[in-house]
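Student: Before I ask anything, here is the structure I am working with.
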Amino acid sequence: MLEAIGQFGRSLKGPSPYEMSGSFLQKRKEKVMDGFKEHKESWELTGCSIMTDAWTDRKGRGVMNLVVHSAHGVLFLDSVECSGDRKDGKYIFELVDRYIEEIGEQHVVQVVTDNASVNTTAASLLTAKRPSIFWNGCAAHCLDLMLEDIGKLGPVEETIANARQVTVFLYAHTRVLDLMRKFLNRDLVRSGVTRFATAYLNLKSLLDNKKRVSKTI
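Residue numbering for the sequence shown follows the working numbering, beginning at 1 and increasing consecutively.
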């Protein structure tokens, strides 16, 4: 779009605020709704999964996103604030149950969430009301929790801490970082704060490049 504007030149007259909030917005809405129809047809044919993702924004508020996954793709449903007392099993159950009702119970195969205790409670409530729908924990989150627990074992915890110190040192000093990139021709995988798998990826990255990293240090 920007390329087309540049080719047209300075004489291009852009749409007015009235057009943007009126006819243009309406056309965009119609296009989105047409896409929604295609998703619904897919749900009716092969079924779908409701997926939730809970996170915390910069202001410390709990937010939950809900999406529907099917053979046609992923469709965003809603984003709700669920801070404090609202984020309990009963609230999550009622929220998910409302969208199951909206989509149609016969079209929903499963609900996928992380493995938090509140979701376990919500799963029990949903299974009691709608036994035909499965409630499954996210496999990636489950593996992440397993890696977190493994990382708390004495020798593993010490090894991860040492690897993190080496990586922090390399990236905290400009000259050393330049040397490392010269010898490695690439960057190391750095540990993340929220995903424990990155700690093990960091270890593997250091092991794979052990000789070159040693030359740098």
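Every residue gets a Cβ at the ideal spot worked out from N, C-alpha and C, and that includes glycine.
Computed from a predicted model, the values in this text were never measured in an experiment.
1. Roughly how many angstroms separate the alpha carbons of S70 and A163, rounded to a whole number?
2. Determine the contact status of V68 and I92, defining contact as a CB-CB distance below 8 Å.
3. Can you name, in chain order, every residue of its own chain whose Cβ lies under 7 Å from the Cβ of D78, other than the five neighbours on each side?
4. Going by the CB atoms, is the gap between R212 and F227 shorter than 8 Å?
5. Whole angstroms are fine: how far does the CA of S23 sit from the CA of T52?
6. Are three or more beta carbon pairs between the region 101 to 121 and the region 24 to 34 nearer than 8 Å?
7. Check whether the region 166 to 181 and the region 144 to 155 are in contact - that is, three or more C-beta pairs closer than 8 Å.
8. Classify L45 as buried or exposed, calling it buried when 16 or more other Cβ atoms lie within 10 Å of its own Cβ.
9. Would you give the residue range spanned by the alpha helix (DSSP H) that D149 belongs to?
10. Tell me whether M180 is buried or exposed, calling it buried when 16 or more other Cβ atoms sit within 10 Å of its Cβ.
11. Closest to V96 by CA distance: which of S49, K215 and V176 is it?
12. When we look at the beta-carbon of V108 and count the other beta-carbons within 10 Å, is it buried (16 or more) or exposed?
13. Can you name, in chain order, every residue of its own chain whose Cβ lies under 8 Å from the Cβ of G47, other than the five neighbours on each side?
14. When we look at the beta-carbon of W55 and count the other beta-carbons within 10 Å, is it buried (16 or more) or exposed?
15. Would you mind sorting V36 into buried or exposed? The rule is 16 or more other CB atoms within 10 Å of its CB.
16. Which whole-angstrom value describes the C-beta separation of W135 and L126, a residue pair presumed to lie in contact below a C-beta threshold of 8 Å?
Tutor: Reading off the structure:
1. 41 Å
2. If you check the CB distance, V68 and I92 do not come in under 8 Å.
3. L66
4. The structure shown does not extend to residue 227, since the chain is modelled only from 1 through 217, so no value can be given for it.
5. Going from the Cα of T52 to the Cα of S23 covers about 33 Å.
6. no
7. no
8. Burial call: exposed.
9. A139 to I150
10. buried
11. S49
12. Its Cβ being crowded by 16 or more others within 10 Å, V108 is buried.
13. S70, H107, V108 and V109
14. When all chains shown are included, W55 counts as exposed.
15. It should be pointed out that residue 36 corresponds to Phe in this sequence rather than to Val. It is exposed - the Cβ of F36 has fewer than 16 other Cβ atoms within 10 Å.
16. For W135 against L126, the beta-carbon gap comes to about 6 Å, under 8 Å, which counts as contact.
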